[in-house]
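The listed protein sequences correspond, in order, to chains A and B. Letter by letter, the first sequence follows residues 1 to 262 of the numbering used here. Letter by letter, the second sequence follows residues 1001 to 1272 of the numbering used here. Note that CB positions come from ideal geometry on N, CA and C, so glycine has one too. Computed from a predicted structure; not experimentally measured. Some notes on the structure that comes next.
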Amino acid sequence: MSTLDMSQEYTSAEMMTVTAARALENGMTCFVGIGLPSEAANLARLTHAPGVVLIYESGTLQTKPDVLPLSIGDGELCESALTTVSVPEMFRYWLQGGKVNVGFLGTAQIDRFANLNTTLIGDYQAPKVRLPGGGGAPEIATNAGEVFITLKHSKRAFVKDVDFVTTLGFGRDGKGRDGVPNIGKGPTRVITDLCVMKPDPETKELTVVSLHPGVSREDVTEATGWEIRFADELESTPLPAEHELRILRDLKNRTERQHAGE
Amino acid sequence: MAEFLSLHDAIAQYVEDGATVAMEGFTHLIPFAAGHEVIRQRKQDLTLIRMTPDLIYDQLIGAGCAKKVIFSWGGNPGVGSLHRLRDAVEKGWPRHIDILEHSHAAMACAFEAGAAGLPLAVLRGYVGSELPSVNDQIKFIECPFTGERLAAVPSIRPDVSVVHAQKADRAGNVLVEGIVGVQKEAVLAATRSIVTVEEIVDDLDAHPNACVIPGWAIDAVAVVEKGALPSYTHGYYPRNNRFYKEWDAIARDRDVFSRWIDENVMNQREDA
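Set out below in structure tokens:
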């Protein structure tokens, strides 16, 4: 199928979602966070990975929503699920029990060791901005086999050190998972609207491995709050395919109509 | 044995000032009508427990009913912040509240431990998280069999739990369907429990493995049609996603919020 004629006709947000979707393989079991991860995971299910198993923390197991949920517990998730279990069962048997290959998360802040902050900006006792908190993420990030993270690239989000480690990436020194028994691999890729990053195999510091078409190294450097490194063999992220964009837009249009109460 | 009470009487009888109260429902079946009744009766100094405070606790906090909130994710799902929660935490309006925050896994386990009559819940959790540094109710213990370091949190044992469900039969047995969250655990973990239901039926028509809470495990059942709006009741009405979005603007401003509470909660009877 043609991609060339699409090159000018997608947004950076769509590029991010399509790239994040492609990270999921058919047959994977994925514990899905709400928002961008949910959008990407459902795009994957509707394109190259029809057999991907999507699990939401509300207890909905193997769900196939027709529209994207606004909340983690929308009725659509339950109605289209293979089965719905209680929330304690979800966290204890399915996540902690080791049945999840990938946790797919978003975040407010991320640092160079892929630690996530969704708790607050500033000091805990006198926060500048109070964020929602951990939710399922602290245990998703450690009990899932590996973790994908997707968020928009900006200096506010990509900081050298997060104000608070809500959810473990590799710890403040990159060694947070060393010697810990029964723990997943942690973040294996971070997908933004500019690039794809992976942790350095040795230091665990996030390193750009692929730039999206039309994005320069300077663009990424300027949008990152630390001196970001680039892989020696830097790749160019493949363009979105026409069918991926069409299916994504259909999904978003359906979702918008439903959430507007139409 | 469940007693059929009006919502007013159930709240008046079982929710005392200073009580520890869990109003559960994971996005689904949130007992909004009961929360509004708590506001109308001007209950004070409550310790409110909920995994996801949602709009219901945003309203209770903004109305000044809470002194402490125990939670694991305090946002407006898919929309943004809970502005009343934030205003109370950041600026102490309308009063200072204490917060104790957990992860979902820990709270779910703590409700389950409460239902099981245990003093604590054990989980493989909080690894590398800084939450234990700001919440002294998160400890770590060593497994006596393997030596593995595991997280421990105290079980949740509310004075009162309030949940909403689809229906009760005439003996007060309650059927919960759809996303069942931690409602059953919340009811069984509490000293007292109130269940609001959409309707009373002769026969629950429940499958053998359905989530049924026996009437003898519940203190009060109150019929409240649409008692979960703007959240939803599976099989009865959908979530009012539009209201969840509109709430953002209402809750952002103290005066707009106070007016909304006056017009939509204080001036309404429970059956309005």
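Note down, in chain order, every chain B residue with its Cβ under 7 Å from the Cβ of residue i.
i	result
Thr150/A	In chain order: nothing, as chain B lies at least about 16 Å away.
Arg130/A	Arg1086, Val1089, Glu1090
Ile34/A	Pro1077, Gly1078
Glu205/A	Residues of chain B passing the Cβ test: none, with the nearest at roughly 16 Å.
Phe164/A	Glu1130
Pro199/A	Going along chain B, no residue has its Cβ under 7 Å from Pro199/A, so there is no contact; the nearest lies around 14 Å.
Does residue i get closer than 8 Å to chain B when you measure Cβ to Cβ?
i	result
Arg257/A	no
Ala23/A	no
Gly145/A	no
Ser80/A	no
Val159/A	no
Thr221/A	no
Gln62/A	no
Arg92/A	yes
Asn182/A	yes
Ala266/A	There is no way to answer for residue 266/A, as the model of chain A reaches only from 1 to 262.
Thr167/A	yes
Met1/A	Residue confidence for Met1/A is low, a pLDDT of 41 falling below 50, so the modelled location carries little weight; the figure read from the coordinates is stated next. Not an interface residue.
Thr17/A	no
Pro187/A	no
Gly103/A	no
Please check the pair residue i and residue j, which I expect to be a contact at CB under 8 Å, by giving their CB distance rounded to whole angstroms.
i	j	result
Asp1017/B	Asp1045/B	6 Å
Val251/A	Leu43/A	The question names Val, but residue 251/A is Leu in the sequence shown. Their Cβ separation, rounded to whole angstroms, is 7 Å, which keeps Leu251/A and Leu43/A in contact under 8 Å.
Arg1042/B	Asp1058/B	Their Cβ separation, rounded to whole angstroms, is 17 Å, which puts Arg1042/B and Asp1058/B out of contact at 8 Å.
Ala1022/B	Ala1186/B	5 Å
Val1160/B	Ala1019/B	6 Å
Pro1154/B	Leu1120/B	6 Å
Glu1130/B	Phe148/A	Not really, about 22 Å apart at Cβ, beyond 8 Å.
For residue i, go through chain A and note every residue whose CB falls closer than 8 Å to its CB, in chain order.
i	result
Tyr1277/B	With chain B represented from 1001 up to 1272, any question about residue 1277/B goes unanswered, as that position is not in the structure.
Pro1238/B	Gly75
His1207/B	Simply none; closest approach about 12 Å.
Cys1109/B	Pro88, Phe91, Arg92
Ser1103/B	Gly134, Gly135, Gly136, Ala137, Pro138, Glu139
Phe1071/B	Gly133
Starting from the Cα of residue i, find the closest Cα among the options and give me that residue.
i	options	result
Val263/A	Leu234/A, Tyr10/A, Lys185/A, Asp161/A	With chain A running from 1 to 262 in the structure shown, residue 263/A is simply not present.
Ala144/A	Tyr56/A, Asp74/A, Val165/A, Phe31/A	Phe31/A
Pro127/A	Ala1249/B, Arg1086/B, Leu1188/B, Val1197/B	Arg1086/B
Ala231/A	Val215/A, Pro199/A, Leu245/A	Pro199/A
Pro1158/B	Trp1260/B, Val1069/B, Ala1063/B	Val1069/B
Val1182/B	Arg1239/B, Asp1255/B, Leu1029/B, Val1089/B	Leu1029/B
Pro1144/B	Val1163/B, Ala1217/B, Ala1220/B, Val1122/B	Val1122/B
Tyr1237/B	Ala13/A, Asp74/A, Leu68/A	Asp74/A
Arg217/A	Pro37/A, Glu205/A, Met197/A	Met197/A
Lys1184/B	Gly1215/B, Tyr1244/B, Thr1047/B	Gly1215/B
Ile183/A	Glu139/A, Arg130/A, Glu39/A	Glu139/A
Gln62/A	Leu82/A, Gly122/A, Val220/A	Leu82/A
Cys78/A	His1234/B, Gly1227/B, Asp1262/B, Asn1267/B	His1234/B
Phe104/A	Glu39/A, Lys204/A, Val215/A, Ser12/A	Glu39/A
Arg1170/B	Thr1052/B, Val1201/B, Leu1060/B	Val1201/B
Asn1173/B	Ile1213/B, Val1197/B, Ala1189/B	Ile1213/B
Would you say residue i reaches chain A, if we count a Cβ-Cβ gap shorter than 8 Å as a contact?
i	result
Asn1135/B	no
Val1130/B	The question names Val, yet the displayed sequence has Glu at residue 1130/B. Yes, because at least one Cβ of chain A sits closer than 8 Å to the Cβ of Glu1130/B.
Glu1198/B	no
Pro1077/B	yes
Trp1247/B	no
Thr1047/B	no
Arg1254/B	no
Ala1033/B	no
His1164/B	no
Thr1191/B	no
Gly1074/B	yes
Phe1026/B	yes
Asn1264/B	no
Quick one: which chain B residues come within Cβ less than 8 Å of residue i?
i	result
Gln109/A	Per Cβ cutoff of 8 Å: no residues; Gln109/A is ~13 Å from chain B at best.
Thr84/A	Gly1178, Ile1179, Val1180
Name the chain B residues whose beta carbon is nearer than 9 Å to that of residue i?
i	result
Thr142/A	Arg1124, Gly1125, Tyr1126, Val1127, Gly1128, Ser1129
Tyr124/A	Glu1130, Ser1133, Val1134
Pro37/A	Per Cβ cutoff of 9 Å: no residues; Pro37/A is ~12 Å from chain B at best.
Name the chain A residues whose beta carbon is nearer than 7 Å to that of residue i?
i	result
Gly1018/B	What Gly1018/B touches in chain A: nothing, since even the nearest Cβ is about 25 Å away.
Tyr1232/B	Gly75
At a cut-off of 7 Å, is residue i close to the ligand SAH when judged by its beta-carbon and the heavy atoms of the ligand?
i	result
Ala1019/B	With respect to small molecules bound, the structure shown includes none, and the ligand SAH cannot be examined in it.
I'd like to know whether the C-beta of residue i is nearer than 8 Å to at least one C-beta of chain C.
i	result
Ser58/A	This model lacks chain C altogether; the protein chains it does include are A and B.
Quiz item: Is the number of C-beta pairs between the region 103-116 of chain A and the region 209-216 of chain A that are closer than 8 Å three or more?
Solution: Short answer: they don't touch.
Quiz item: Taking contact to mean at least 3 C-beta pairs separated by less than 8 Å, is the region 1146-1154 of chain B in contact with the region 1071-1083 of chain B?
Solution: Segment contact: the region 1146-1154 of chain B against the region 1071-1083 of chain B, fewer than three CB-CB distances shorter than 8 Å; contact not assigned.
Exercise. Could you say if the region 1245-1255 of chain B and the region 1196-1216 of chain B meet the contact criterion of at least three C-beta pairs nearer than 8 Å?
Key: No contact exists between the region 1245-1255 of chain B and the region 1196-1216 of chain B.
Self-check item: Touching by the beta-carbon criterion (3+ pairs, under 8 Å), the region 1129-1141 of chain B and the region 243-257 of chain A
Solution: A contact is defined here as three or more CB-CB pairs under 8 Å, and the region 1129-1141 of chain B fails this definition with respect to the region 243-257 of chain A.
Quiz item: Are there three or more Cβ pairs, one per stretch, closer than 8 Å when the region 1098-1111 of chain B is compared with the region 85-99 of chain A?
Solution: Flag = yes, the region 1098-1111 of chain B and the region 85-99 of chain A touch.
Quiz item: Can at least three beta-carbon pairs, one atom from the region 8-24 of chain A and one from the region 187-194 of chain A, be found at a separation below 8 Å?
Solution: The region 187-194 of chain A and the region 8-24 of chain A touch, with three or more beta-carbon pairs separated by less than 8 Å.
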